[in-house]
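Here's the structure we're looking at; comments come further down.
Protein chains: 2
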Amino acid sequence: MKDEKTEDQILDAAEKVFQRKGMDGARMQEIANEAGINKAMLHYYYRSKRFLFEAVFSKAFSLIAPEINRVINEDIPLFEKIRKFTHSYIDFIQKHPYLPNFIIQELNRDQDFMNVLQKKKGFPDFRNFRSQVEQEVHEGNIRPIKAEQLFIHLLSLNIFPFLAAPLFKGFLNIDDNCYKELMEERKEEITNMIINYLEIKE
Amino acid sequence: MKDEKTEDQILDAAEKVFQRKGMDGARMQEIANEAGINKAMLHYYYRSKRFLFEAVFSKAFSLIAPEINRVINEDIPLFEKIRKFTHSYIDFIQKHPYLPNFIIQELNRDQDFMNVLQKKKGFPDFRNFRSQVEQEVHEGNIRPIKAEQLFIHLLSLNIFPFLAAPLFKGFLNIDDNCYKELMEERKEEITNMIINYLEIKE
DNA sequence: ACCTTAGTTAACCATATGGTTAAACCATTA
DNA sequence: TAATGGTTTAACCATATGGTTAACTAAGGT
C-alpha cells in the first residue's frame with residue numbers, strides 16, 4: 001500500500017534543482033534538502049543521479065512537447081495557427097520560466113538525448129504542418145517558403161526572448177517588469193510579423 | 203622575460219573545455235590535459251577555477267559583443283544594416299558554434315555576470331540603433347515598431363537556430379548537412395522577413 | 001503477539017576534485 | 001660560477017560528492 005508521496009516529493013524537488021542548476025550543477029544532497037527527505041531515498045526510488053535526471057528531463061519535455069504539438073497539428077487555418085501558437089506558447093512559458101533554458105542546455109550537453117526522445121510517443125510531428133504550408137504555397141495563398149524555415153522562425157521568435165532574457169535586459173538596459181511587458185506585447189508583434197511576411201501583396 | 207606561451211595554451215584549452223561543458227561540467231584536470239600542461243600551472247597563472255572561467259567568459263563575450271555592436275552602430279541605412287548584420291552574424295557563428303550556447307547558459311546560471319559585463323568597454327550600445335529606428339518610424343519610412351522589439355526579433359531569428367540546433371534537427375528529422383544548408387538560406391530568409399514586415403504597403 | 005515487508009535513517013565508503021606545497025629546473029646576470 | 005627568480009612538476013591535502021549499507025520503524029497480515 002505504498003502511497004507515492006515520497007517519490008513525488010523527490011521528483012518535485014529534483015525538478016526545481018535540476019532546472020535551476022542543470023545536471024552538472026545540481027547536488028543530490030541539495031535535492032534531498034529541498035524535498036526535506038533523506039538522501040538515501042533518492043537512490044531508493046530513482047537509483048542514481050542520472051536516472052533521476054532523466055525522469056525530470058522526460059517530464060519537462062513531455063510538458064513542453066505537447067504544447068508545441070497540439071497547436072501545430074490542430075486542424076485550423078495557417079494564420080490562425082500562428083496566432084494561437086504564439087499566444088499560448090508565451091502564456092505557457094510565463095508559467096514555466098526555467099523550462100526552455102533547461103531543455104536547450106541539456107540537449108546541447110548530451111546530443112544523444114534527442115534520439116531517446118524521438119522514440120517516445122507525444123514527440124512533435126512536423127509532417128502535418130509541412131503539408132499544410134506546402135498546400136498554402138501551392139494554392140498561391142502565401143509566398144513561397146519552406147515549411148522548415150517558417151517553423152524555425154516561429155519557434156525562434158517565441159522561445160529565444162525567454163532564453164536570452166538576461167542578455168536582453170542587459171543590452172536594452174531595462175528591468176524585469178519592463179521586459180515582461182515587452183514579452184506580452186510580443187504575442188501580437190510576432191503574429192503580425194510572420195503573417196505580414198507570408199501574405200502576398202499586390 | 204616571460205613568454206606568454208603557457209598562459210595562452212591554458213586559456214585556449216580552458217576555452218575548449220568550458221565552452222563544451224560549461225562551468226560546472228568542466229574539470230581543471232581535463233583542461234590541464236587538453237593543454238598538455240601540469241594542473242598546478244592553471245592555478246599559478248589563473249589562481250582558481252572561477253578566475254580562469256571568467257577569463258574565458260570575458261574573452262568569449264568580447265569576441266561576440268563587437269560583432270553585434272559593430273554592425274548595429276554602423277552609419278548605414280536600416281534595411282542595409284539588417285541584411286549586413288544577418289549575413290555577418292551567421293558567418294561568425296558558423297566559425298564559433300559553441301559560443302551562443304556558452305554565453306546564454308552561463309548568463310542564466312549567474313545573473314550577476316551581466317552587471318560585470320555592462321561596465322566593460324565594448325559593451326553593446328543600443329541607443330544609436332534605437333534612435334535610428336525611431337527616426338525611420340517618425341519619417342513614415344517604416345511601420346510603427348518599438349526598436350526593442352525589432353532588436354529582439356533580429357537577434358532571436360539569428361541566434362536561436364544555432365542554440366537549438368539539436369532540437370530542430372530532431373523535430374525536423376534532418377541531418378547536420380541539411381541543417382547547415384538551412385542556416386545558409388536563412389541569411390536571405392531572415393533579411394526578407396524583417397524588411398518585408400517593416401515596409402509600409404499601399 | 002509475531003512475522004513480513006516496504007519505507008526510512010544515520011553512518012559510512014571510495015573516489016573525484018579544486019587547490020597547495022616543497023622541491024626541482026633553467027635561463028639570466030652579477 | 002654562483003646566486004637569483006620566474007617557471008614547472010609530482011606529491012599531497014581537505015573536502016565534496018554520488019552512492020551503499022545495516023539497522024530501525026511502522027503498517028498489514030497471520
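Chains P and B supply the protein sequences, listed in that same order. Numbering-wise (my numbering), the first sequence opens with residue 1 and increments by one. Numbering-wise (my numbering), the second sequence opens with residue 203 and increments by one. Note that CB positions come from ideal geometry on N, CA and C, so glycine has one too.
{"Query": "Unbroken alpha helix (DSSP H) run spanning B/E336, endpoints", "Result": "R329 to H340"}
{"Query": "Extent of the continuous alpha helix (DSSP H) to which P/H153 belongs", "Result": "A147 to L163"}
{"Query": "contact_flag[the segment 156-164 of chain P, the segment 85-104 of chain P] where n(CB pairs < 8 Å) is 3 or more", "Result": "yes"}
{"Query": "Option nearest P/E4 by Cα separation, candidates P/A32, P/A40 and P/Y45", "Result": "P/Y45"}
{"Query": "Beta-carbon gap between P/K187 and P/Y179 smaller than 8 Å", "Result": "no"}
{"Query": "Within chain P, the residues that B/K321 reaches when beta carbons sit closer than 7 Å", "Result": "Near B/K321 there are no residues of chain P at all, since even the closest Cβ is about 11 Å away, more than 7 Å."}
{"Query": "Three-state class that DSSP yields for B/K403 in the structure shown", "Result": "coil"}
{"Query": "Nearest neighbour of B/E266, chosen from B/T208, B/D293 and B/N240 [CA to CA]", "Result": "It is worth fixing the name first, because residue 266 of chain B is Ile in this sequence and not Glu. For B/I266, the nearest C-alpha among the options comes from B/D293."}
{"Query": "Neighbour-count burial assignment, P/F51, 16 or more Cβ in a 10 Å radius", "Result": "exposed"}
{"Query": "Chain B within 8 Å of P/G122, Cβ atoms only", "Result": "no"}
{"Query": "Within chain P, the residues that B/K297 reaches when beta carbons sit closer than 7 Å", "Result": "The premise fails here: B/K297 is roughly 18 Å from chain P at the closest Cβ pair, so nothing lies under 7 Å."}
{"Query": "Interface residues of the segment 268-295 of chain B facing chain P [CB-CB below 9 Å]", "Result": "I270"}
{"Query": "Range covered by the alpha helix (DSSP H) that runs through P/S175", "Result": "The amino acid at residue 175 of chain P is misidentified as Ser; the sequence shows Asp. Neither: P/D175 is in no alpha helix (DSSP H) and is coded neither H nor E."}
{"Query": "Chain P residues whose Cβ lies nearer than 7 Å to that of B/N303", "Result": "N108"}
{"Query": "Cβ-based neighbour list, B/I402, same chain, cut-off 6 Å, excluding 5 preceding and 5 following", "Result": "R345"}
{"Query": "Contacts that P/P161 makes with chain B (C-beta to C-beta distance below 7 Å)", "Result": "I354 and S358"}
{"Query": "Classification of P/I93 by the beta-carbon crowding that lies within 10 angstroms, buried from 16 upward", "Result": "buried"}
{"Query": "Within 8 Å, strictly: CB atoms of P/Q105 and P/G22", "Result": "yes"}
{"Query": "Nonlocal neighbours in the same chain, by C-beta distance under 7 Å from B/A234, ignoring five residues either side", "Result": "N240, K241 and L244"}
{"Query": "Contact residues within the segment 220-236 of chain B, judged by C-beta distance below 7 Å to chain P", "Result": "G224, D226 and G227"}
{"Query": "Contact with chain B by P/L52, beta-carbon distance below 8 Å", "Result": "no"}
{"Query": "Closer than 8 Å to chain B by CB, P/Y197", "Result": "yes"}
{"Query": "Rounded C-alpha distance that separates P/E30 from B/L365", "Result": "29 Å"}
{"Query": "Residue interval of the alpha helix (DSSP H) (run including B/I274)", "Result": "K251 to N275"}
{"Query": "CB contact below 8 Å: P/G140 versus chain B", "Result": "no"}
{"Query": "Buried or exposed (CB count within 10 angstroms, at least 16 for buried), P/Q19", "Result": "buried"}
{"Query": "Straight-line Cα distance separating P/G36 from B/E269", "Result": "47 Å"}
{"Query": "Cβ contact (3+ pairs, closer than 8 Å) linking the segment 348-355 of chain B and the segment 314-333 of chain B", "Result": "yes"}
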